[in-house]
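In what follows, a single structure is set out as structure tokens and then discussed.
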Amino acid sequence: MGYGLPWQTVLGHRHLAIIGEIGGCEGENPASSLRRWAVAALVLGTAATALNPVFVRLSDLEPAGSAFHRMFWALPLMGAWLFRETWVKAPAPAKASVSSRPLHDRWLLILCGLFFAADLTALHWSIRLTSAANAILFLNAQPLYVVFGAWLLFGERASARFLVGAATAMAGAALMLGESAQFGGDRLLGDGLGIAAGVFYAGYILTASRLRARASSAVINTWTCAIACLPLLAVALITGQGLIPGSLQGWFLMIGLGVISQACGQGFIVWGMAHLSTGYAAVVLLLAPVSSAVFAWALLSESLSGLQFVGIGVVLGGIYMAHRASLVPGGKKNGGT
Numbered sequence: 000m001g002y003g004l005p006w007q008t009v010l011g012h013r014h015l016a017i018i019g020e021i022g023g024c025e026g027e028n029p030a031s032s033l034r035r036w037a038v039a040a041l042v043l044g045t046a047a048t049a050l051n052p053v054f055v056r057l058s059d060l061e062p063a064g065s066a067f068h069r070m071f072w073a074l075p076l077m078g079a080w081l082f083r084e085t086w087v088k089a090p091a092p093a094k095a096s097v098s099s100r101p102l103h104d105r106w107l108l109i110l111c112g113l114f115f116a117a118d119l120t121a122l123h124w125s126i127r128l129t130s131a132a133n134a135i136l137f138l139n140a141q142p143l144y145v146v147f148g149a150w151l152l153f154g155e156r157a158s159a160r161f162l163v164g165a166a167t168a169m170a171g172a173a174l175m176l177g178e179s180a181q182f183g184g185d186r187l188l189g190d191g192l193g194i195a196a197g198v199f200y201a202g203y204i205l206t207a208s209r210l211r212a213r214a215s216s217a218v219i220n221t222w223t224c225a226i227a228c229l230p231l232l233a234v235a236l237i238t239g240q241g242l243i244p245g246s247l248q249g250w251f252l253m254i255g256l257g258v259i260s261q262a263c264g265q266g267f268i269v270w271g272m273a274h275l276s277t278g279y280a281a282v283v284l285l286l287a288p289v290s291s292a293v294f295a296w297a298l299l300s301e302s303l304s305g306l307q308f309v310g311i312g313v314v315l316g317g318i319y320m321a322h323r324a325s326l327v328p329g330g331k332k333n334g335g336t
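This is the structure in structure tokens:
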């Protein structure tokens, strides 16, 4: 049975502190203000992507079909955004069209789409072969892969305080799913795919964060959607999963999935990553299971256990710790870039 506690009590002062610092104050330097907006974009983007399970749960399509629709319906919106940026507004040299970009950047754009498609495919098959709790639990290990990859590939070093905050947030995510997670037996393949989904998503975050220094959010998201559509369509066709919703409501759900979860969600996330350290951005994305739990409770009438409430508080506390550890006097980032 769920608990009837108000969400203000669940989220508490830590959550309000994270959001409250976004508002800024009079006289602050532009870099600090931009960072606050970047944090706000990550929070909003994570909340939008967290609606994905709600859309998929209410849809009459199988997961592979839903994953394709998510990218397909986001593509026109992303393309319109890119067209406006490239042709309507005067483009800055750093935001030049893709055709004039170095070959290295074009390969990175393709890699973003492939990583995202691989993440969705591995996650959805993991959910089918193991429990949803196991799949999401392994996916939420992505901050570990991101921090390690950022250190190995880009030389970004995380402070001890930041790592403690990240570990705390991950522990909170594990608590939220602890009652449902089961290991061993015939779940090994599904668990392995869940781990792979986390690695693929970490690869997407690392690649997109590097590209944001030279490419706009519109460029990255448009190419991610366009490239990801192809393998996702192939997976749906090969596995025989349907692509046509059976009702008008089903079509609206798929359009909402693409527009809200992908276009708006990833649009905010990729924009925010340009102004934050890669590791910190990955930790903030752990708000996804918290947001998903809230949406499932509010929209699907799913109850929450006491352990899940504790996990939500621990996640928020860990993110707040990582947020404080990522700051040094003067508004610079610590332990990230």
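Letter 262 of the sequence shown, counting from 1, is numbered 261 in numbering that gives the first Met the number 0, and no numbers are missing. Where is the CB? At the ideal position from N, CA and C, for every residue including glycine.
Item                                                                                                                                                           : Value
On the three-state DSSP scale, how would you describe aspartate 104?                                                                                           : helix
Measure the alpha-carbon distance for isoleucine 126 versus arginine 69 and round it to whole angstroms.                                                       : 17 Å
By Cβ distance below 7 Å, which residues in the same chain neighbour leucine 76 in space, the five residues on each side in sequence not counted?              : Val258 and Ala262
Quick check on the DSSP output: what are the complete alpha helix (DSSP H) runs of length 4 or more inside the region 247-291, in order along the chain?       : 247-255, 264-272 and 277-283
Can you give the Cα-Cα distance for leucine 256 and phenylalanine 54, rounded to whole angstroms?                                                              : 6 Å
For phenylalanine 114, which of Leu236, Ile311 and Leu229 has the nearest alpha-carbon?                                                                        : Leu229
Does DSSP classify proline 244 as helix, strand or coil?                                                                                                       : coil
Can you tell me whether arginine 34 is buried or exposed? The criterion is at least 16 other CB atoms within 10 Å of its CB, across all chains shown.          : buried
Quick one, are the C-beta atoms of alanine 235 and glycine 64 less than 8 Å apart?                                                                             : yes
Using only the alpha-carbon positions, how far apart do threonine 85 and isoleucine 268 sit?                                                                   : 21 Å
Buried or exposed for leucine 110, going by 16 or more other Cβ atoms inside 10 Å?                                                                             : buried
Does any heavy atom of the ligand PLP sit closer than 7 Å to the C-beta of arginine 35?                                                                        : Among the components modelled here there is no ligand, and therefore nothing to report on the ligand PLP.
How big is the Cα-Cα spacing for glycine 266 and tryptophan 106?                                                                                               : 20 Å
Can you tell me the Cβ-Cβ gap for glycine 278 and phenylalanine 161, rounded? I've got them flagged as a contact below 8 Å.                                    : 7 Å
Since serine 158 and alanine 324 should fall inside the 8 Å C-beta cutoff, what is the C-beta to C-beta distance between them, to a whole number of angstroms? : 6 Å
When burial is assigned at 16 or more other CB atoms within 10 Å of the CB, is serine 260 buried or exposed?                                                   : buried
Where does glycine 239 sit, in a helix, a strand or coil, going by DSSP?                                                                                       : coil
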